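When the count follows full-length UniProt numbering, it moves up by one through the sequence shown with no breaks and lands on 546 for the last residue.
For every residue, glycine included, the Cβ atom is placed at its ideal position computed from N, Cα and C.
Values in this document were obtained by computation on a predicted structure and should not be read as measured data.
In what follows, a structure is listed as structure tokens, so that the remarks can point back to it.
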Amino acid sequence: MDLKKQIQNIIKGEVKTDRQTLDTFSKDASVYKVSPQVVVFPKDSKDVQALVNFVAEKVSHGFNLSLTPRAAGTDMSGGDLSESIVVSFTKYFNHIRKIGKDYAVVEPGVYYRDFEKAAKKKKLLLPSYPASKDLAALGGIVANNSGGELNLLYGKTERYIQEVKMVLADGQETTFKPLTMAELEKKKHAAGLEGEIYTKMFDLIDQNYALLQSAKPKVSKNSAGYYLWNVYDKAKGIFDLTKLIVGSQGTLGLMTEFKLKLVKPKTREHLLVVFLNDMHQLPGIVNHLLKFKPQSIESYDDHTFKVALKLLPDIIAKLKGNAIKLFLSFIPEAWMVLTGGIPKLVMLVEFSSDKDAEAIKLARDAQKSLQEFNLKTKLILSDSGAEKYWVIRRESFSMLRHHVQGMRTAPFIDDFVVRPEVLGEFLPKLYKILDKYNLLYTVAGHVGDGNFHIIPLMKVGDPKVAGIIKKLGKEVYDLVFEYEGSMTGEHNDGMVRGPYLEQMFGAEVYHLFKQTKKIFDSEGIFNPHKKANASFDYSMKHLDFK
Numbered sequence: 001m002d003l004k005k006q007i008q009n010i011i012k013g014e015v016k017t018d019r020q021t022l023d024t025f026s027k028d029a030s031v032y033k034v035s036p037q038v039v040v041f042p043k044d045s046k047d048v049q050a051l052v053n054f055v056a057e058k059v060s061h062g063f064n065l066s067l068t069p070r071a072a073g074t075d076m077s078g079g080d081l082s083e084s085i086v087v088s089f090t091k092y093f094n095h096i097r098k099i100g101k102d103y104a105v106v107e108p109g110v111y112y113r114d115f116e117k118a119a120k121k122k123k124l125l126l127p128s129y130p131a132s133k134d135l136a137a138l139g140g141i142v143a144n145n146s147g148g149e150l151n152l153l154y155g156k157t158e159r160y161i162q163e164v165k166m167v168l169a170d171g172q173e174t175t176f177k178p179l180t181m182a183e184l185e186k187k188k189h190a191a192g193l194e195g196e197i198y199t200k201m202f203d204l205i206d207q208n209y210a211l212l213q214s215a216k217p218k219v220s221k222n223s224a225g226y227y228l229w230n231v232y233d234k235a236k237g238i239f240d241l242t243k244l245i246v247g248s249q250g251t252l253g254l255m256t257e258f259k260l261k262l263v264k265p266k267t268r269e270h271l272l273v274v275f276l277n278d279m280h281q282l283p284g285i286v287n288h289l290l291k292f293k294p295q296s297i298e299s300y301d302d303h304t305f306k307v308a309l310k311l312l313p314d315i316i317a318k319l320k321g322n323a324i325k326l327f328l329s330f331i332p333e334a335w336m337v338l339t340g341g342i343p344k345l346v347m348l349v350e351f352s353s354d355k356d357a358e359a360i361k362l363a364r365d366a367q368k369s370l371q372e373f374n375l376k377t378k379l380i381l382s383d384s385g386a387e388k389y390w391v392i393r394r395e396s397f398s399m400l401r402h403h404v405q406g407m408r409t410a411p412f413i414d415d416f417v418v419r420p421e422v423l424g425e426f427l428p429k430l431y432k433i434l435d436k437y438n439l440l441y442t443v444a445g446h447v448g449d450g451n452f453h454i455i456p457l458m459k460v461g462d463p464k465v466a467g468i469i470k471k472l473g474k475e476v477y478d479l480v481f482e483y484e485g486s487m488t489g490e491h492n493d494g495m496v497r498g499p500y501l502e503q504m505f506g507a508e509v510y511h512l513f514k515q516t517k518k519i520f521d522s523e524g525i526f527n528p529h530k531k532a533n534a535s536f537d538y539s540m541k542h543l544d545f546k
């Protein structure tokens with residue numbers, strides 16, 4: 001079968017099979033490499049519908065084909081990788097259809113950086129952007145239910161989805177949005193797969209309502225599994241399948257457009273830096289700070305701090321200011337190291353308001369409230385003063401990666417979440433596990449949410465890497481589950497965490513995930529080997545450390 005030729009005959013967009021394209025699309029920001037057969041660049045939703053119909057027809061005749069959507073390719077879980085057909089949306093599905101008073105209608109291939117500029121002109125913001133916002137596209141942000149440094153105040157992407165257009169497994173483009181019970185009854189009688197989905201999904205969720213509510217992770221953010229517990233709001237009488245589609249990683253259909261709620265961001269921001277030596281104080285400190293409603297509470301650990309000082313010239317270059325002045329600004333941090341007083345954790349607590357005086361007051365009141373903990377704190381009232389701390393938080397590990405030869409980043413325990421009140425117990429146990437493996441790593445994250453990112457550097461070509469990833473991953477996630485946490489707050493399951501879903505949620509809920517996939521995609525044509533169809537064998541086979 002000449003797959004390229006057959007697909008090209010049915011769509012207006014492009015189909016590529018050259019080595020460079022296939023190699024580019026065989027990788028993302030994860031630890032995996034999976035080479036596709038073809039990469040398709042659809043021009044419009046008619047192309048997407050034709051693709052789905054083509055694959056469904058081939059699968060019905062015994063061919064092994066599937067469709068995996070891809071936006072910018074910055075996924076850290078392997079969620080956009082496929083051995084079959086990758087559908088790339090950034091080339092043609094890159095239109096901002098409309099920016100209204102408090103919403104936007106956009107296509108999945110729009111880069112966040114372009115959308116941010118357009119929204120900023122109207123003094124609006126989608127606040128759930130990830131750290132990779134300069135590289136990421138909106139399709140991936142929605143598909144992963146992404147989040148970032150503003151989530152403490154604004155929440156994740158799931159809070160901002162109002163409508164989704166998606167091509168279903170029967171080739172029909174369908175619009176999903178919140179429905180009243182009366183509207184739901186009408187939808188159950190819709191023609192084709194749409195009506196079947198509404199009928200079966202309502203029954204599945206209604207009949208297992210108590211189980212699903214108890215299965216919802218007991219943390220402030222979660223990107224694992226299918227969010228069945230969020231779909232049916234009995235109190236309000238609302239049934240909303242967009243709450244299921246967000247974070248589903250393209251396993252239920254191919255999104256072609258969505259409507260996003262936007263916010264008006266605060267105009268003034270000030271930073272309180274907290275230097276913490278005793279990790280057991282952390283829960284109390286976080287609780288104190290939350291009373292003052294900070295916009296974010298970010299953190300980085302002593303490993304990151306030391307890395308930043310080693311790479312000081314790179315940090316200064318990133319800041320793009322007066323080099324001598326910037327160098328002098330780091331003297332207090334260098335003195336901490338020389339005198340042995342390096343903090344275990346540096347917390348960046350940002351307060352925002354539309355009034356400068358109000359933001360300063362919040363920061364000062366919070367600083368004063370921490371006096372009982374006998375901590376070093378520093379209030380930064382200038383943007384330039386705050387920037388060095390943000391650069392350390394965002395850039396240190398990326399810089400380290402470029403200075404270490406023969407090693408690469410390995411995100412496989414990169415996004416777990418536990419309740420902030422257990423961090424004093426949890427983190428020492430976590431460090432004990434990590435230190436057994438003698439890895440070079442840093443710990444950073446959204447400490448206000450209890451969400452941490454650990455990304456070790458691992459040796460390319462080392463035959464022990466696969467074993468370490470499997471063993472260390474299990475030990476870390478066992479600890480996370482012991483504390484009733486989630487294995488992913490922002491980065492989703494993909495190939496890296498999908499195999500742990502049954503352990504996290506239990507057999508009953510995992511079975512409901514499998515039923516959900518079957519209801520939307522009975523023949524498995526959308527993004528296999530992710531979510532409830534992931535397996536350790538498949539994922540480990542595609543590790544990219546050769």
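Chain D within 8 Å of residue i, Cβ atoms only
{"i": "Arg364", "result": "Annotation note: the requested chain D is absent from the structure, which comprises a single protein chain."}
Best match in the options for proximity to residue i [C-alpha to C-alpha]
{"i": "Ile455", "options": "Gly461, Ile468, Tyr441, Gly448", "result": "Tyr441"}
{"i": "Val480", "options": "Leu423, Ala534, Val465", "result": "Leu423"}
{"i": "Ser299", "options": "Pro343, Phe536, Thr488", "result": "Pro343"}
{"i": "Met407", "options": "Pro294, Leu439, Glu372", "result": "Leu439"}
{"i": "Tyr111", "options": "Leu124, Lys122, Ile96, Lys101", "result": "Ile96"}
{"i": "Lys12", "options": "His511, Asp47, Lys388", "result": "Asp47"}
{"i": "Arg394", "options": "Glu196, Val307, Phe93, Thr68", "result": "Val307"}
{"i": "Gln172", "options": "Ala191, His303, Asn451", "result": "Ala191"}
{"i": "Phe452", "options": "Val460, Ser486, Met458", "result": "Ser486"}
{"i": "Ile392", "options": "Ala444, Lys121, Glu185", "result": "Ala444"}
{"i": "Lys156", "options": "Ser35, Lys221, Lys530", "result": "Lys221"}
{"i": "Asp301", "options": "Glu490, Gly498, Leu67, Tyr431", "result": "Tyr431"}
{"i": "Ile85", "options": "Lys117, Glu116, Gln37, Leu125", "result": "Gln37"}
{"i": "Asn64", "options": "Leu262, Ser82, Gln249", "result": "Ser82"}
{"i": "Leu512", "options": "Val15, Gln207, Val263", "result": "Gln207"}
{"i": "Thr516", "options": "Thr256, Met201, Asp365, His303", "result": "Met201"}
{"i": "Lys243", "options": "Lys121, Lys293, Val164", "result": "Val164"}
{"i": "Asp233", "options": "Glu194, Gly148, Arg268, Met181", "result": "Met181"}
{"i": "residue 548", "options": "Ile7, Leu457, Glu185, Gly195", "result": "In the structure as shown, the chain begins at 1 and stops at 546. Residue 548 is therefore absent and cannot be evaluated."}
{"i": "Lys27", "options": "Asn9, Pro69, Asp203, Asp80", "result": "Asp80"}
{"i": "Asn527", "options": "Ile10, Glu14, Thr17, Ser66", "result": "Ser66"}
{"i": "Leu457", "options": "Tyr437, Pro428, Ser384, Asp2", "result": "Tyr437"}
{"i": "Gln249", "options": "His446, Ala507, Pro108", "result": "Pro108"}
{"i": "Glu425", "options": "His446, Gly450, Ala410, Gly498", "result": "Gly450"}
{"i": "Ser22", "options": "Lys429, Asp240, Gly73", "result": "With the sequence shown as reference, residue 22 is identified as Leu, and Ser is not the correct amino acid for it. The shortest C-alpha separation from Leu22 is found at Gly73."}
{"i": "Lys471", "options": "Pro420, Phe536, Gly498, Thr68", "result": "Phe536"}
Residue j beta carbon less than 8 Å from that of residue i
{"i": "Gln367", "j": "Leu434", "result": "no"}
{"i": "His288", "j": "Ser352", "result": "no"}
{"i": "Asn492", "j": "Ser77", "result": "yes"}
{"i": "Thr90", "j": "Ala71", "result": "yes"}
{"i": "Phe176", "j": "Ile245", "result": "yes"}
{"i": "Gly62", "j": "Asn145", "result": "no"}
{"i": "Leu179", "j": "Gly448", "result": "no"}
{"i": "Asp544", "j": "Lys188", "result": "no"}
{"i": "Phe416", "j": "Thr488", "result": "yes"}
{"i": "Ala359", "j": "His270", "result": "yes"}
{"i": "Tyr154", "j": "Pro127", "result": "yes"}
{"i": "Val52", "j": "Leu348", "result": "no"}
{"i": "Ile525", "j": "Ala56", "result": "yes"}
{"i": "Lys133", "j": "Lys264", "result": "no"}
{"i": "Ala418", "j": "Ala215", "result": "Per the sequence presented here, residue 418 reads as Val, with Ala not at that position. No, the pair does not count as a contact, with Cβ atoms beyond the cut-off."}
{"i": "Val496", "j": "Ser30", "result": "yes"}
{"i": "Leu282", "j": "Leu290", "result": "no"}
{"i": "Phe373", "j": "Ile468", "result": "no"}
Cβ-Cβ separation, residue j to residue i (assumed contact under 8 Å), whole Å
{"i": "Tyr160", "j": "Leu260", "result": "5 Å"}
{"i": "Leu228", "j": "Ile205", "result": "6 Å"}
{"i": "Lys58", "j": "Thr251", "result": "The pair is not a contact, with the Cβ atoms about 19 Å apart (cut-off 8 Å)."}
{"i": "Phe258", "j": "Val460", "result": "Contact doesn't hold; Cβ gap of about 38 Å is too wide."}
{"i": "Met504", "j": "Ala224", "result": "6 Å"}
{"i": "Phe292", "j": "Leu345", "result": "Rounded, the Cβ-Cβ distance is 19 Å, inconsistent with contact."}
{"i": "Gly148", "j": "Ala131", "result": "6 Å"}
{"i": "Lys4", "j": "Thr17", "result": "5 Å"}
Bridge-paired residues (DSSP) for residue i
{"i": "His453", "result": "Ala444"}
{"i": "Ile161", "result": "Leu260"}
{"i": "Ala104", "result": "Ile99, Leu260"}
{"i": "Asp233", "result": "Ile238"}
{"i": "Tyr300", "result": "Val346, Ala444"}
Check your understanding: Can you find at least 3 beta carbon pairs, one from the stretch 376-391 and one from the stretch 26-43, that sit closer than 8 Å?
Key -> The stretch 376-391 is not in contact with the stretch 26-43.
Point to revise | Three CB pairs or more closer than 8 Å across the stretch 162-172 and the stretch 519-539 | key: Enough Cβ pairs lie closer than 8 Å, so yes.
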